[in-house]
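Remarks on the structure that follows.
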Amino acid sequence: DYYILEILDTETLAPVPEGEVGEMVLTTLCKEAAPLIRYRTRDLTRSINHPCSCGNILPLHDRILGRSDDMIIFRGVNIYPGQIDEVLSTIEDISCEYQVILDREDDGKDYMTIRLECLESDKPEQLTDVQKKIAAAIKKKIMISCDVEVLDYCSLPRSERKSKRFFDNRGL
824 DYYILEILDT ETLAPVPEGE VGEMVLTTLC KEAAPLIRYR TRDLTRSINH
874 PCSCGNILPL HDRILGRSDD MIIFRGVNIY PGQIDEVLST IEDISCEYQV
924 ILDREDDGKD YMTIRLECLE SDKPEQLTDV QKKIAAAIKK KIMISCDVEV
974 LDYCSLPRSE RKSKRFFDNR GL
């Protein structure tokens, strides 16, 4: 109630149309000692246009979808790690561990490979289906092409902390 929330384009800082992803920017209305004026949180979200079931009439925003400072540019497309995570979370028979490797080949083109673990890798035809399904889902959602490598379960390193998922070997 005591702040103004704006969803803005990360580059131009112009308001984004309702429902589009942008950066959450806050202005406090009653913080006296050190007011925050258009504070850029670097959190990505989008505004929601349906009324809250609790009766709240204030504007709503979606969950935090990622961070603007985590963005990578691949073949001219802005990609946020949360976008790939969102696509992979819809695919059955794969573990939650994955890696995204970005490489630049001798031909000067950038290539993306997604390495992930299949829960049941004893059926070769299932692995091919999983690869095709993931490549198609990434193409549809993010509009980029990628290679998909399906590995045996527990092949990727585990960490007690947050796993490093993106490896950019392009030397930018």
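All residue numbers for the sequence shown refer to the numbering used here, where the first residue is 824 and numbers rise by one.
Ideal placement from N, C-alpha and C gives every residue a C-beta, glycine not left out.
The structure presented is a predicted model; accordingly, all values stated were derived computationally and were not measured.
Give me the DSSP bridge partner(s) of residue i.
i    : result
R927 : D933
I961 : The partner list for I961 (beta bridge, DSSP) is empty, contrary to what the question assumes.
C941 : I917
T851 : Y826
N901 : I896
Going by the CB atoms, is the gap between residue j and residue i shorter than 8 angstroms?
i    : j    : result
V923 : M966 : no
I895 : I887 : no
S876 : I830 : no
L925 : G889 : no
L939 : I917 : yes
V971 : A958 : yes
I914 : K955 : no
Thinking just about the alpha-carbon of each residue, which of the options is nearest to the one in residue i?
i    : options                : result
Y976 : R984, F989, L950, F990 : L950
T851 : T864, R938, T835, D916 : T864
D885 : D893, C853, G842, T833 : G842
F989 : K956, K955, I937, K854 : I937
L859 : P882, I880, Y825, H873 : Y825
R993 : A959, D933, L942, E943 : D933
Y862 : K963, E846, N872       : E846
L836 : S891, I957, V953       : S891
D991 : F897, T833, D832, G878 : F897
S912 : C969, K964, E834, L979 : K964
K985 : R927, I880, E948, C919 : C919
For residue i and residue j, I'd like the C-alpha separation in whole angstroms.
i    : j    : result
S982 : Y921 : 12 angstroms
P904 : C853 : 35 angstroms
L828 : V848 : 6 angstroms
N872 : L883 : 7 angstroms
E931 : C941 : Residue identity check: residue 931 is Gly in the sequence provided, not Glu. Near 31 angstroms, if we compare the C-alpha coordinates of C941 and G931.
D952 : I961 : 14 angstroms
A856 : V910 : 43 angstroms
P980 : E943 : 18 angstroms
C969 : R927 : 13 angstroms
S978 : K987 : 14 angstroms
L881 : E948 : 50 angstroms
Between which two residues does the beta strand (DSSP E) containing residue i stretch?
i    : result
N878 : Reading the sequence as shown, one finds Gly at residue 878 and not Asn. It is not in any beta strand (DSSP E) - G878 carries neither H nor E in the DSSP assignment.
V844 : No beta strand (DSSP E) contains V844, which DSSP labels as neither H nor E.
T868 : 862-868
L974 : 970-974
D892 : Counting along the chain, D892 falls outside any beta strand (DSSP E), and DSSP gives it neither H nor E.
D991 : 989-991
How far does the alpha helix (DSSP H) with residue i in it reach, from first residue to last?
i    : result
E909 : 904-911
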